Amino acid sequence: FCFVGNFTEVKGSKQYIDFAKHWLSNHPNSKFFILGLLNDELPSFISYIGPYERLDLANKLNEYSIHMVINPSLANETFSYTSQELMLMNVPLVVYSCGAPAERIKRENYEFGMICYQFDIQSLEIAVTNLLLKLTTNK
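Residue numbers for the sequence shown, in my numbering: 3 to 141.
In structure tokens:
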């Protein structure tokens with residue numbers, strides 16, 4: 003799993019860390035990454051890849067075998083370059099229901115997207131699990 007973008011509180015850094023900790027308690031072989039700008043230290047169970055250039059995003063995701071992005075942003079953004087780039091590459095994406103990422107998933111009926119409508123860890127776990135199930139049954 004990966005968070006892509008500016009890893010800040012308003013972009014969901016706390017939610018991502020809390021989710022990773024929770025998920026790893028049940029799925030200890032999972033890996034969590036950050037790809038983007040980072041201002042704070044990370045817990046040892048999350049690896050920092052570093053910043054990325056837009057044209058290099060697909061290579062970074064492939065290099066680290068990242069198959070799903072979780073961006074639990076709390077910002078009510080009017081546009082999300084990150085979501086746009088990920089969707090153009092057909093990267094599975096889980097987002098919260100606020101702002102442009104969720105609107106874009108809905109509007110485009112993005113088959114590799116999942117919207118989490120509640121801002122808690124259990125709901126995020128359900129959204130991730132549902133997307134994983136959808137991806138494995140559609141192969």
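Glycine included, every Cβ here is placed at the ideal spot set by N, Cα and C. Bear in mind the structure is a predicted one, so any value in this text is a computation, not a measurement.
* Since F21 and I68 are thought to touch, with beta carbons under 8 Å apart, how far apart are those beta carbons, to the nearest angstrom? -> Rounded to the nearest angstrom, the Cβ distance from F21 to I68 is 15 Å, too far for a contact under 8 Å.
* Return the CA-CA distance between L26 and E127, expressed in angstroms with no decimal places. => For the pair L26 and E127, the Cα-to-Cα distance works out to about 11 Å.
* Select from V93, F3 and T138 the residue whose C-alpha is nearest the C-alpha of K33. => F3
* Starting from the C-beta of A77, find all residues in its chain whose C-beta is less than 8 Å away, skip the five residues before and the five after it, and write them out in chain order. => V12, K13, C100 and G101
* **Residue of N8, Q124 and E105 minimising C-alpha distance to G115** => The candidate whose alpha carbon is nearest that of G115 is E105.
* Please list, in chain order, all residues of the same chain as L44 whose beta carbon is under 7 Å from its beta carbon, the five residues on each side excluded. => I36 and Y50
* Nearest-angstrom Cα separation, counted from G52 out to L59 -> 11 Å
* Under a Cβ-count criterion, where at least 16 other Cβ atoms within 10 Å of its own Cβ denotes burial, should L149 be classed as buried or exposed? -> Beyond the ends of the chain as shown, which are 3 and 141, falls residue 149; an answer cannot be given.
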